[in-house]
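Numbering (the UniProt record's numbering), first residue to last: 8 to 297.
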Ligand code: SAM
């Protein structure tokens with residue numbers, strides 16, 4: 008049997024063999040901790056009937072583990088230099104597709120058809136490049152892909168924001184977007200020493216389990232997210248002040264009454280509202296023609 012890729016020695020060997028140098032700008036921090044990989048793979052609950060989409064396979068530390076557990080793996084990697092390395096380390100595995108490209112520009116529905124047509128369910132499992140975490144998560148959530156779950160390594164602060172409850176400094180537009188579509192669960196905190204090279208921040212693995220229906224029912228999704236963004240435009244401002252940028256300053260009084268009518272005190276801040284309150288508020292604003 009081959010040795011696991013996710014050890015400091017094997018990772019250094021592969022890098023040396025191929026003369027690879029890390030690009031910080033691509034968020035290249037490779038996992039060299041088998042215990043963390045065990046936790047990621049366990050959280051993804053894979054089996055041979057399931058597919059796994061990996062974003063940023065690097066030199067394949069996670070990819071080989073996914074290939075062992077899932078029926079089919081597609082791994083999208085942006086760095087041209089890593090493609091031959093991945094083909095080398097994945098040699099002999101017939102259930103792995105290495106896809107060269109930028110995940111943000113990848114036609115994911117087409118990739119689904121090509122790679123996962125025979126899979127009962129598909130999860131995204133990845134150690135994400137931190138410079139593009141939010142756009143990647145938003146793309147996965149908003150494209151309406153038939154996803155069972157997203158299990159990802161992200162910066163610890165970002166994981167805390169995704170899982171945050173109303174009322175604290177971590178709760179914001181990312182929390183609401185994630186929780187609208189998914190149920191978040193923090194899997195584990197990961198120290199920087201689990202990577203080569205070690206990043207400057209702590210990391211965390213988070214599981215986002217896709218809900219069968221959004222957490223709240225809204226008449227107009229776009230309007231809902233517009234209201235949420237407006238409510239957080241300036242964190243220190245009251246809801247009434249932030250929303251009057253949306254409604255027009257001349258409608259500030261009316262807005263106060265509308266908020267009261269929804270059972271929401273106008274002097275509250277955006278960070279204190281639940282998703283349910285945002286849903287009620289959005290419908291009332293639409294009703295009032297804001
Ligand atoms: N999965 C590997 C591991 O755990 O050791 C590598 C993880 S590393 C944090 C992130 C990977 O994402 C790098 O291989 C990097 O080249 C790749 N990457 C960066 N931006 C990307 C993008 N826009 N699309 C696809 N891959 C990207």
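We put the beta carbon where it would ideally sit given N, CA and C, even for glycine.
By the Cβ criterion, the stretch 231-238 is not in contact with the stretch 71-90, since fewer than three pairs of Cβ atoms, one from each stretch, lie closer than 8 Å. Leaving aside the five residues that flank residue 239 on each side, the residues in its chain whose CB is nearer than 8 Å to its CB run, in chain order, 179, 180, 249, 277, 278. Non-local beta-carbon contacts of residue 142 in its own chain, meaning distances under 7 Å to residues more than five positions away in sequence, involve 111 in chain order. Annotation: the continuous alpha helix (DSSP H) that includes residue 291 extends over 282-294. About 18 Å separates the CB atoms of residue 57 and residue 106; that is not less than 8 Å, and the two are not in contact. Between the C-alpha atoms of residue 163 and residue 199 there is a straight-line separation of about 11 Å.
The beta carbon of residue 226 sits closer than 7 Å to the beta carbons of 290, 293 from its chain, once the five residues preceding and following it are set aside; these are given in chain order.
In this structure, the beta-carbon distance from residue 79 to residue 102 falls below 8 Å. Comparing alpha carbon positions, the residue from 170, 165, 173, 132 closest to residue 208 is 165. Each residue's CA atom was taken as its position, placing residue 65 and residue 271 some 48 Å apart. Beta-carbon to beta-carbon, residue 116 and residue 152 are separated by about 7 Å, close enough to satisfy the 8 Å threshold. Between the stretch 18-38 and the stretch 82-95, the count of Cβ pairs shorter than 8 Å is three or higher; the stretches touch. Non-local C-beta neighbours of residue 223 in its own chain, meaning closer than 6 Å and more than five positions away in sequence, comprise 282, 283, 286, ordered along the chain.
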